[in-house]
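Reviewing the structure listed below.
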Amino acid sequence: MSEVRAEMVANVWKVVAAEGDTVGDGDTLVILESMKMEIPVLAEDAGTLTRLAVAEGDIVQEGDLIAVIE
Amino acid sequence: MLESVLVANRGEIARRVIASARRLGVRSVAVYSEADAELPYVREADSAVLIGPAQPASSYLNGAAVLAAARQTGARAIHPGYGFLAENPAFAASVIAAGLTWIGPAPSAMEQMGDKINARNLMEAAGVPVSAGTRQPVADVAAALAAADDIGYPVMIKASAGGGGIGMSAAADPAQLAAGFETARSRAERFFGSPAILLERFVPRARHVEVQILGLADGQVIALGERDCSVQRRHQKVAEETPSPGVGPQLRTRMLAAAVRAGETVGYLGAGTVEFLLDVEAGDFMFLEMNTRLQVEHPVTELVTGIDLVEQQFLIAAGEDVSFAADQVTPAGHALELRIYAEDSKRFLPSPGTISEWVQPTGPGVRVDAGYAAGNTVTPFYDPLLAKLCVHGADRAQALDRARTAVAAFRISGLKTNLEFHADLLASAEFSGGNYDTSLVGRLRP
Chain E
1 MSEVRAEMVA NVWKVVAAEG DTVGDGDTLV ILESMKMEIP VLAEDAGTLT RLAVAEGDIV
61 QEGDLIAVIE
Chain W
1 MLESVLVANR GEIARRVIAS ARRLGVRSVA VYSEADAELP YVREADSAVL IGPAQPASSY
61 LNGAAVLAAA RQTGARAIHP GYGFLAENPA FAASVIAAGL TWIGPAPSAM EQMGDKINAR
121 NLMEAAGVPV SAGTRQPVAD VAAALAAADD IGYPVMIKAS AGGGGIGMSA AADPAQLAAG
181 FETARSRAER FFGSPAILLE RFVPRARHVE VQILGLADGQ VIALGERDCS VQRRHQKVAE
241 ETPSPGVGPQ LRTRMLAAAV RAGETVGYLG AGTVEFLLDV EAGDFMFLEM NTRLQVEHPV
301 TELVTGIDLV EQQFLIAAGE DVSFAADQVT PAGHALELRI YAEDSKRFLP SPGTISEWVQ
361 PTGPGVRVDA GYAAGNTVTP FYDPLLAKLC VHGADRAQAL DRARTAVAAF RISGLKTNLE
421 FHADLLASAE FSGGNYDTSL VGRLRP
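Here it is as structure tokens:
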């Protein structure tokens with residue numbers, strides 16, 4: 001199992017993947033936006049996206065859970 | 001002189017404009033979002049009006065809210081700063097229609113320069129050099145591929161309504177062009193509300209050099225020297241200097257004359273910046289775009305000329321003469337600006353947070369234009385600029401020395417900053433030597 005967490009305070013601009021998706025290492029899950037920059041959040045493992053903890057428009061804090069891949 | 005001014009901006013530039021207003025006895029009004037209530041510029045203005053929630057679209061980009069704040073406070077003029085509404089001709093027109101003074105050029109000049117394709121065509125017709133590129137919006141990938149065959153690879157892909165490097169990329173071959181074109185289109189649509197794309201010849205070894213112009217109340221356009229803005233990450237400026245180490249006297253004369261011609265072509269009034277790309281190998285320069293507003297890096301020009309550009313903006317907007325003799329400006333010494341961003345020094349990723357410690361450098365030739373102070377929170381809603389560390393020296397060597405000392409003395413805690421990057425930049429042989437180009441940052445941070 002791998003947990004993907006936010007690296008910084010950001011706004012969730014786009015949710016690209018959905019729970020249940022099969023994802024590959026390096027696939028874009030979510031695109032964050034902070035300080036006028038888009039920051040793609042990537043899968044760090046291949047597997048099934050069992051949990052997506054954010055929705056578009058959410059504000060995430062540094063360290064917040066974004067997704068779980070199993 | 002103006003009686004009062006509302007500053008339709010935030011952070012360091014709002015503070016900068018308010019400082020000149022105070023010095024000149026002009027009543028200042030700040031506007032702020034819910035995220036910015038604690039920032040220094042809000043307290044330093046004579047009065048301040050909350051205009052909306054943190055999201056820029058609901059606050060600093062909300063022209064109606066800004067105009068309502070002007071009515072409420074009786075402010076007679078609007079200074080837009082840079083970014084947000086500064087280059088929005090519809091907003092400028094609404095300010096004028098409300099009977100207020102717009103501190104900027106005529107909306108028609110903003111419109112002519114706001115679209116990069118239109119600006120390029122206009123400049124070409126006026127005899128200002130432009131690079132090889134498309135003369136109308138590129139409709140789709142097929143049209144882009146055809147245009148690139150004419151221009152020759154590599155090409156630069158840009159949003160016609162764009163700015164700030166957003167959506168810009170270079171393509172070395174048709175595959176990269178096809179991918180980059182789609183990205184550029186979606187970003188252009190999202191950030192600038194227009195999907196129009198242009199292609200230009202990509203210059204591998206280039207410097208980014210711009211000229212400060214002033215359109216005076218009597219219609220004359222003058223140039224106040226150049227700024228070198230070649231230190232960039234993600235096509236965004238990180239450090240600037242004047243004079244440019246890559247521009248000799250003859251080239252300078254030609255560039256300044258071309259910038260004046262650009263301003264005259266659109267009947268430009270007030271402070272503006274004409275940006276050029278300098279092809280280092282060919283020794284040629286080409287018009288890139290014109291920014292119809294005060295530029296972020298205007299302090300370096302102020303340091304070498306001794307002219308307060310915001311004061312000149314006020315005077316020109318009031319229909320008055322500028323405060324200096326237009327034909328007797330002689331820049332003295334060398335000035336640098338280092339943009340202190342809330343971002344890490346390695347990958348340049350944003351780092352919002354709360355500032356627990358803020359100690360600014362002081363000393364001869366040191367000027368800090370800061371938007372924040374200790375205790376402030378830097379939020380993810382706006383750009384990462386915390387402060388501009390500017391230094392002036394008798395020559396480039398002294399300016400570099402002063403910059404190194406000042407960077408080492410600047411202490412900001414509580415979030416990540418790019419101060420360490422600036423220390424590395426100032427220590428690098430390439431920057432110190434002056435013979436650098438726009439790919440410098442990529443070499444320092446491979």
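Protein sequences, first through last, are from chains E and W. Oh and the first sequence: position 39 is 39 in this note's numbering, straight run, nothing missing. Oh and the second sequence: position 390 is 390 in this note's numbering, straight run, nothing missing. Beta carbons: idealized from backbone N, C-alpha and C, even for Gly.
query, result
"Mind checking V16 (chain E): buried by the 16 CB within 10 Å criterion, or exposed?", "exposed"
"Alpha carbons only, please: which of W:A178, W:F192, W:Y41, W:R402 is nearest the one belonging to G393 (chain W)?", "W:R402"
"From the DSSP output, in three-state form, read off K237 (chain W) for me.", "strand"
"Taking E200 (chain W) as part of the beta strand (DSSP E), name the residues at either end of that continuous run.", "197–201"
"Where DSSP assigns a beta bridge to G133 (chain W), which residues make up the other side?", "W:E200"
"Nearest-angstrom Cα distance between V95 (chain W) and L67 (chain W)?", "7 Å"
"Tell me which residues share the same chain as V366 (chain W) and place their Cβ nearer than 6 Å to its Cβ, disregarding the 5 neighbours each side in the sequence.", "V391, A406"
"Is DSSP giving K14 (chain E) helix, strand or coil here?", "strand"
"Any chance the stretch 45–52 of chain W sits against the stretch 414–430 of chain W, with 3 or more Cβ pairs inside 8 Å?", "no"
"Indicate whether at least one CB of chain E lies closer than 8 Å to the CB of L349 (chain W).", "yes"
"Please look up how many angstroms separate the CB atoms of Y60 (chain W) and N9 (chain W), rounded, as I've assumed it's under 8 Å.", "7 Å"
"If the cut is a Cβ gap below 9 Å, which residues of chain E does P352 (chain W) touch?", "M8, V9, A10, S34, M35, E62"
"Can you tell me whether K416 (chain W) is buried or exposed, with buried defined as 16 or more other CB within 10 angstroms of its CB?", "buried"
"What did DSSP end up calling K158 (chain W) once you bin it into helix, strand or coil?", "strand"
"If you drop the 5 nearest sequence neighbours on each side, which residues of the same chain put their C-beta closer than 6 Å to that of G63 (chain E)?", "R5"
"Can you find at least 3 beta carbon pairs, one from the stretch 271–290 of chain W and one from the stretch 196–212 of chain W, that sit closer than 8 Å?", "yes"
"For the stretch 238–313 of chain W, which segments carrying the beta strand (DSSP E) assignment without a break, of at least 3 residues, lie completely within its bounds, in sequence order?", "270–279, 284–291"
"Name the DSSP bridge partner or partners of A67 (chain E)?", "E:V4, E:L52"
"Note down the Cα distance separating V322 (chain W) from G163 (chain W), rounded to an integer number of angstroms.", "29 Å"
"For the stretch 253–271 of chain W against the stretch 103–113 of chain W, are there 3 or more C-beta pairs whose distance is under 8 Å?", "yes"
"Along the chain, where does the beta strand (DSSP E) containing V42 (chain W) start, and where does it finish?", "Careful: V42 (chain W) lies outside any beta strand (DSSP E), inside the alpha helix (DSSP H) at 40–44."
"What number of angstroms, rounded off, separates the C-alpha of E87 (chain W) from the C-alpha of A259 (chain W)?", "19 Å"
"Counting pairs of beta carbons, one from the stretch 148–163 of chain W and one from the stretch 306–322 of chain W, are three or more of them closer than 8 Å?", "no"
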